[in-house]
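Below: the structure, in structure tokens.
In the working numbering, the protein residues as written are 8 to 216.
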């Protein structure tokens with residue numbers, strides 16, 4: 008079974024508290040999404056494989072460490088995941104980026120795919136799927152289904168806020184995918200929204216209603 012890492016770092020909890028406030032501006036909310044994603048990614052990338060590399064400092068030759076293999080790829084679930092990707096790229100600007108477009112049918116709460124574009128060598132990379140909210144789990148499961156159908160298996164999932172129901176469903180559907188969560192909330196309401204949550208992340212990022 009996959010592991011679920013709930014962040015307990017004071018900076019993450021402080022920033023999520025600001026995000027939850029309905030009076031937080033669009034500009035500040037957007038910046039916080041990127042900042043928190045960067046902090047979660049720092050933890051999620053802790054066990055990446057390393058390889059030795061010979062270099063020359065201004066003084067001597069030495070051996071340093073570098074991330075092994077084809078390295079990294081960030082895959083935001085559109086549209087709300089885009090600003091999480093921005094934060095991650097601050098730490099690893101050379102990572103490649105894929106995009107998966109899904110929207111939630113408001114009647115069935117099921118995800119509907121409308122776009123998928125990935126780097127040609129994505130199957131050789133460590134993939135970080137990012138979406139601010141893990142609510143029913145449908146979008147995350149569908150996105151990871153798409154990746155696995157393309158032969159991609161080195162996958163981690165990162166989100167800012169998760170409901171227990173979403174975590175449980177994602178683990179059941181993809182027990183090999185480790186999950187990294189900024190905060191685990193209480194439950195879903197009857198419309199599939201996380202409580203206490205922070206509202207619709209996409210609307211708050213882009214100022215739409």
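The beta carbon of each residue, even a glycine, is placed where N, CA and C say it ideally should be.
Legend entry - Cα-Cα separation, residue 211 to residue 65: Taken atom to atom, the span from the alpha-carbon of residue 211 to that of residue 65 is near 48 Å.
Legend entry - Test item: CB-CB of residue 153 and residue 162 under 8 Å: The answer is no: Cβ separation not under 8 Å.
Inset, instruction - Could I get the ranges of all uninterrupted beta strand (DSSP E) runs contained in the region 91-143, with 3 residues as the minimum, in chain order? - result: Listed in chain order, they are 106-111, 118-124 and 133-137.
Inset, instruction - Determine, using beta-carbon pairs with one atom in the region 102-112 and one in the region 138-149, whether at least three such pairs fall under 8 Å. - result: With the cut-off at 8 Å, the region 102-112 and the region 138-149 touch.
Legend entry - residue 171: first and last residue of the uninterrupted alpha helix (DSSP H) it sits in: Run containing residue 171: 171-180, per the alpha helix (DSSP H) assignment.
Inset, instruction - With a threshold of 16 other CB atoms inside 10 Å of the CB of residue 119, please say whether the residue is buried or exposed. - result: A residue is called buried once 16 or more other Cβ atoms fall within 10 Å of its Cβ, and residue 119, having fewer, is exposed.
Inset, instruction - Compute the Euclidean distance between the alpha carbons of residue 69 and residue 77, then round it to the nearest angstrom. - result: Cα to Cα, residue 69 sits roughly 23 Å from residue 77.
Inset, instruction - Kindly indicate which three-state DSSP category residue 38 falls into: helix, strand or coil? - result: Residue 38: helix per DSSP, three-state reduction.
Legend entry - C-beta atoms of residue 26 and residue 182 nearer than 8 Å: No. Outside cutoff.
Inset, instruction - For the region 25-40 and the region 173-180, state whether three or more C-beta atom pairs, one from each stretch, are separated by less than 8 Å. - result: At 8 Å Cβ cutoff, the stretches do not touch.
Legend entry - Test item: CB-CB of residue 88 and residue 137 under 8 Å: Yes; because the gap between Cβ atoms is below 8 Å, this pair is in contact.
Inset, instruction - Pull up the distance between the alpha-carbon of residue 1 and that of residue 22, whole angstroms please. - result: No answer is possible for residue 1: the residues shown for the chain start at 8 and end at 216.
Legend entry - Alpha carbon of residue 104 to alpha carbon of residue 44, nearest angstrom: A straight-line Cα-Cα distance of about 15 Å links residue 104 and residue 44.
Inset, instruction - Can you grab the Cα-Cα spacing for the pair residue 199 / residue 59, in whole Å? - result: Looking at the backbone, the Cα of residue 199 and that of residue 59 are separated by about 47 Å.
Legend entry - Cut-off 7 Å between Cβ atoms - residues of its own chain near residue 37, not counting five sequence neighbours on either side: Cβ within range, chain order: 90 and 212.
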